[in-house]
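Peer 1: The structure's right below; bear with me while I get my questions together.
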Amino acid sequence: MSIRHWPAAERPREKLLDQGAAALSDAELLAIFLRTGVAGRSAVDLARQLLSEFGGLRPLLEADLESFCQHLGLGPAKFAQLQAVLEIARRHLAEGLRRDSALESPQAVRAYLKAQLRHAHHEQFACLFMDSKHRVLAFEVLFHGTIDGASVYPRQVVKRALAHNAAALILTHNHPSGVAEPSQADRQLTQRLKEALALIDVRVLDHFIVGDGEPLSMAEYGWV
Numbered sequence: 001m002s003i004r005h006w007p008a009a010e011r012p013r014e015k016l017l018d019q020g021a022a023a024l025s026d027a028e029l030l031a032i033f034l035r036t037g038v039a040g041r042s043a044v045d046l047a048r049q050l051l052s053e054f055g056g057l058r059p060l061l062e063a064d065l066e067s068f069c070q071h072l073g074l075g076p077a078k079f080a081q082l083q084a085v086l087e088i089a090r091r092h093l094a095e096g097l098r099r100d101s102a103l104e105s106p107q108a109v110r111a112y113l114k115a116q117l118r119h120a121h122h123e124q125f126a127c128l129f130m131d132s133k134h135r136v137l138a139f140e141v142l143f144h145g146t147i148d149g150a151s152v153y154p155r156q157v158v159k160r161a162l163a164h165n166a167a168a169l170i171l172t173h174n175h176p177s178g179v180a181e182p183s184q185a186d187r188q189l190t191q192r193l194k195e196a197l198a199l200i201d202v203r204v205l206d207h208f209i210v211g212d213g214e215p216l217s218m219a220e221y222g223w224v
């Protein structure tokens, strides 16, 4: 049966308008994005099939173009739409950070860094540059590594901090394994960067490690 013949309370779009997006299942949200199903299957049925084939919503969102387009009901146009939606979400989080002091919104910082780095299949090291009032000036991925690690050069971090006229910054990198536990190398790197940035009067406020759960704050453990 087509979705338009379902009771209004069960149709994903009407349910979202009545109860809010949080009330919908992953399949219902994906069905709204898909808009239509395929022969013999409603958009919700197709969404459930896709979630099963990909292994969940996250692998679907992180799929590259080639693997995305191998599935029924998906193609380059849908891939482009999905990437646009994800980028809109990232920019929305960034605008929220720029309005206020980053230190007054620790959860917003975590959400933003998670949105930026959790999807990466290889390790990336980035900085959130801030002014003297801890308002965000810019976010930059400075180093790309392999799944085993990244080479981070303090001189380049100092150079970018000067370019942004930053007074403070937050360091961050992802662990593609999903485990957000800092290694001894992570702690040593943090100390090296603190010492290098102190020479130009730029404070390192924190170093977040992004994994599958909430990003880990090294400052909260006394490691910054």
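Quick note: UniProt numbering has the sequence shown finishing at residue 224, numbered continuously throughout. For each residue, glycine too, the CB sits at the ideal point set by N, CA and C. None of the values given here were measured: they were computed from a predicted structure.
Excluding the 5 residues flanking Phe54 on each side, which residues of the same chain have their C-beta closer than 7 angstroms to its C-beta?
Peer 2: Excluding residues within five positions, the ones whose Cβ falls inside 7 angstroms are Leu60 and Ala63.
Peer 1: Would Phe208 and Leu197 be called neighbours here (beta carbons separated by less than 8 angstroms)?
Peer 2: Taking 8 angstroms as the Cβ cut-off, Phe208 and Leu197 do not qualify as a contacting pair.
Peer 1: DSSP three-state label for Gln124, please.
Peer 2: In the structure shown, Gln124 sits in a strand (DSSP, three-state: E or B).
Peer 1: Starting from Val179, follow its DSSP beta bridges and name the residues at the other end.
Peer 2: Val179 is not bridged to any residue.
Peer 1: For Glu95, which of helix, strand or coil comes out of DSSP?
Peer 2: Helix, per DSSP.
Peer 1: I'd like the list of long-range same chain contacts for Ala120, defined as Cβ closer than 8 angstroms, with 5 residues on each side in sequence excluded.
Peer 2: Excluding sequence neighbours, Ala120 sits near Asn174 and Pro176.
Peer 1: Which two residues bound the contiguous beta strand (DSSP E) that contains Glu140?
Peer 2: Residues Val136 to His144.
Peer 1: In angstroms, rounded to a whole number, what distance separates the CA positions of Phe139 and Tyr221?
Peer 2: Straight-line Cα distance between these residues: approximately 24 angstroms.
Peer 1: Apart from the five residues just before and just after Pro154, which ones in its own chain have a Cβ nearer than 7 angstroms to its Cβ?
Peer 2: If we look at Pro154 and ignore the five residues flanking it on each side, its Cβ neighbours are Arg192, Leu193 and Ala196.
Peer 1: Taking the CB atoms as reference points, tell me whether Glu214 and Arg135 lie closer together than 8 angstroms.
Peer 2: Contact flag unset, no.
Peer 1: Straight-line CA distance for Ser25 to Ala80?
Peer 2: Using only the alpha carbons, I get a separation of about 23 angstroms.
Peer 1: If you run the structure through DSSP and keep just helix, strand and coil, what is Arg35?
Peer 2: Three-state result, Arg35: coil.
Peer 1: Could you pull the start and end residues of the alpha helix (DSSP H) that Arg155 belongs to?
Peer 2: Segment Pro154 to Ala163, the alpha helix (DSSP H) holding Arg155.
Peer 1: Alpha carbon to alpha carbon, what distance is there between Phe129 and Arg187?
Peer 2: Answer to the nearest angstrom: the Cα atoms are 20 angstroms apart.
Peer 1: Looking at the unbroken beta strand (DSSP E) that takes in Arg203, where does it start and where does it end?
Peer 2: Looking at the DSSP string, the run of the beta strand (DSSP E) that includes Arg203 is Arg203 to Val210.
Peer 1: Going straight from the alpha carbon of Leu51 to that of Asp131, what length do you get?
Peer 2: Near 42 angstroms, if we compare the C-alpha coordinates of Asp131 and Leu51.
Peer 1: Considering only residues of the same chain and omitting the five flanking positions on each side of Arg203, which have a CB-CB separation below 8 angstroms?
Peer 2: Ala167, Ala168, Leu169 and Leu197, listed in sequence order.
Peer 1: Looking at Asp212: is its Cβ nearer than 8 angstroms to the Cβ of Val224?
Peer 2: The answer is no: Cβ separation not under 8 angstroms.
Peer 1: Within the same chain, show all residues whose beta-carbon is closer than 8 angstroms to that of Met218, passing over the 5 residues directly before and after it, in chain order.
Peer 2: The answer, listed in chain order, is Pro182, Asp186, Arg187, Thr190, Asp206, His207, Phe208, Ile209 and Val224.
Peer 1: Let me confirm a value: Lys15 is counted as buried when at least 16 other C-beta atoms fall within 10 Å, else exposed. Which label applies?
Peer 2: By the 10 Å Cβ count, Lys15 comes out buried.
Peer 1: Between which residues of its own chain and Ile200 is the CB-CB distance below 7 angstroms, once the five residues before and five after are set aside?
Peer 2: The answer, listed in chain order, is Val158, Ala161 and Leu162.
Peer 1: Out of Pro12, Arg35, Arg13 and Ala23, which one is the CA nearest neighbour of Ala77?
Peer 2: Residue Arg35 is the option with its Cα nearest to Ala77.
Peer 1: Between Pro12 and the rest of its own chain, which residues show a CB-CB distance below 8 angstroms, the 5 nearest in sequence each way excluded?
Peer 2: Answer for Pro12: Ile3, Leu24, Glu28, Leu29, Ala31, Ile32, Ala43 and Val44, listed in chain order.
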